[in-house]
Structure formats: C-alpha cells, structure tokens
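First comes the structure, then the notes that go with it.
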Amino acid sequence: MTGGRESTRRKGGVADSRCVGTQLAERVTHSAEETVAFGRELAVHLRPPCVVLLEGELGSGKTTLVKGIVAGLGAAEEEDVTSPSFTLVHEYGSAGQVYHADLYRIEGARDLATLGLEDLAGQASTVLVEWGEKLGDNIPIPCVRIRMEHLGSDDRRVGVERVDA
Ligand SMILES: Nc1ncnc2c1ncn2[C@@H]1O[C@H](COP(=O)(O)OP(=O)(O)OP(=O)(O)O)[C@@H](O)[C@H]1O
Ligand SMILES: [Mg+2]
C-alpha cells in the first residue's frame with residue numbers, strides 16, 4: 017500500500033494534476049461502525065513514514081475512518097480518537113507514532129507552515145490529514161489519498177489510492 021519510497025517521492029508540479037493515483041480499494045459502507053472497521057483493515061497496509069490524505073465534504077466520515085485506522089495501528093482506542101478541529105493536531109500511541117491533523121481551518125501556506133506538518137512527516141510516523149487537499153504540493157513523502165463521499169443517509173463511498181509523484 018505504501019509503495020516504493022524511491023519511486024513515489026514527490027517531484028513537484030501543480031496541485032491536482034500533481035500526481036497519479038493508483039486505485040487500491042473502494043468500499044461502500046452503510047454505518048459508522050462499518051467505516052471504522054474498514055479503517056482497521058486499511059491500517060494493516062500502512063507502513064511509516066506515510067502521509068494519508070483524507071478528502072471529502074463535512075460529515076463524510078473522515079474522522080470516523082481515522083478512528084479505525086488509529087485503532088488498527090494499535091495507537092489508541094477508537095473512542096479516544098477525536099476530531100482535532102480546534103487543536104489542529106493530535107498525537108496517538110508511542111512518541112510520534114501517529115499524528116492526526118485537520119486542516120479545515122487552515123488558510124494559506126503560512127498557516128500550514130505554522131503547523132509543522134513537514135517535520136511530523138519526516139519522522140517514522142503515520143500522519144493522517146483531514147482536508148488533505150489543502151496540502152497541495154507540500155507532501156514530502158509518499159502518501160495514500162482517501163476520498164470519502166456521502167451517498168445519502170448512512171451510506172459512504174470510501175476510495176483509497178496510492179499517490180505517485
Ligand atoms: N457509513 C458511515 N461512515 C462514516 N460515518 C457515518 C456513516 N454513517 C453515518 N455516519 C455518521 O456521520 C458522521 C461522520 O462524521 P465525521 O466527523 O467522521 O465526518 P468528517 O468527514 O470527519 O467531518 P468534518 O469534515 O467535519 O471533519 C458521524 O456522526 C457518523 O456517525
Ligand atoms: Mg473530521
């Protein structure tokens with residue numbers, strides 16, 4: 017899932033045409049519990065250092081999926097994983113094991129720099145980034161992009177792709 021680090025190192029370019037995604041998985045879930053379970057499944061495939069971008073509208077289930085990923089990584093219990101909307105970054109597990117960021121309130125490159133996400137990503141960590149589309153080209157290591165789509169009621173489509181530079 018993480019791909020070869022050499023082959024996937026980012027080389028720059030324009031946001032959204034910046035990289036080629038390789039589809040890894042797609043799942044339609046019908047409840048928050050199913051999304052958490054899918055997150056646990058995905059966690060098995062994540063090898064640090066890894067940045068996981070989570071994209072999708074408000075309430076599409078990004079934090080819910082993160083609960084499963086963090087639990088699957090053995091870094092925290094799912095109920096202890098909460099949205100970092102106000103604190104911007106949460107850390108779970110042993111020092112630097114998992115970071116969970118939410119860029120919803122981030123505006124512009126200066127805010128992003130303040131967050132120090134690149135420093136986090138430089139460690140042997142798994143960095144989970146809600147509203148990851150705001151990172152644009154500033155992703156220093158190979159990553160996985162997860163797109164979440166609200167299909168109506170409790171149905172969500174979760175698309176997972178590896179991002180190659
Ligand atoms: N299939 C599903 N998958 C995920 N969440 C679901 C599902 N069905 C219902 N829900 C509910 O939808 C909500 C998703 O909220 P969540 O905080 O995970 O979204 P989010 O994408 O992180 O939102 P935000 O953009 O505000 O951070 C939760 O209340 C959850 O219980
Ligand atoms: Mg959220």
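Whatever position you read off the sequence shown (first residue = 1), add 16 for my numbering.
Ideal Cβ placement from N, Cα and C applies to all residues, glycine included.
Keep in mind that this is a model prediction, so the values were computed, not measured.
Where Arg34 falls: helix, strand or coil (DSSP): In this predicted model, Arg34 has a pLDDT of only 44, less than 50, meaning its place in the structure is not dependable; the value taken from the coordinates is given anyway. Residue state, collapsed to three classes: coil.
Tell me whether Gly29 sits in a helix, a strand or coil according to DSSP, three-state version. No answer about Gly29 holds up, because its pLDDT of 32 lies below 50 and its placement is not dependable.
I'd like to confirm something about Thr103: is its beta-carbon nearer than 7 Å to some heavy atom of ligand 2, or not? no
Could you check whether the Cβ of Ala41 sits closer than 8 Å to any Cβ belonging to chain C? Protein chains in the displayed structure number just one, and chain C is not present.
Does the beta-carbon distance from Thr51 to Arg172 come in below 8 Å? yes
My output table needs one value for Arg8: the three-state DSSP class, helix, strand or coil. Limits of the chain in this structure are 17 at one end and 181 at the other, which puts residue 8 out of reach.
Rounded to the nearest angstrom, what separates Val68 and Arg56 at their Cα positions? 14 Å
Have a look at Lys150, Val60, Cys159 and Leu136 and flag the residue whose alpha-carbon is nearest the alpha-carbon of Gly124. Lys150
In whole angstroms, give me the CA-to-CA distance for Thr98 and Glu165. 20 Å
Under three-state DSSP, which class holds Ile85? helix
Go through its chain and collect everything with a Cβ distance to Ser141's Cβ below 7 Å, but skip five positions before and after it. Pro64, Pro65, Gly112, Gln113, Val114 and Tyr115
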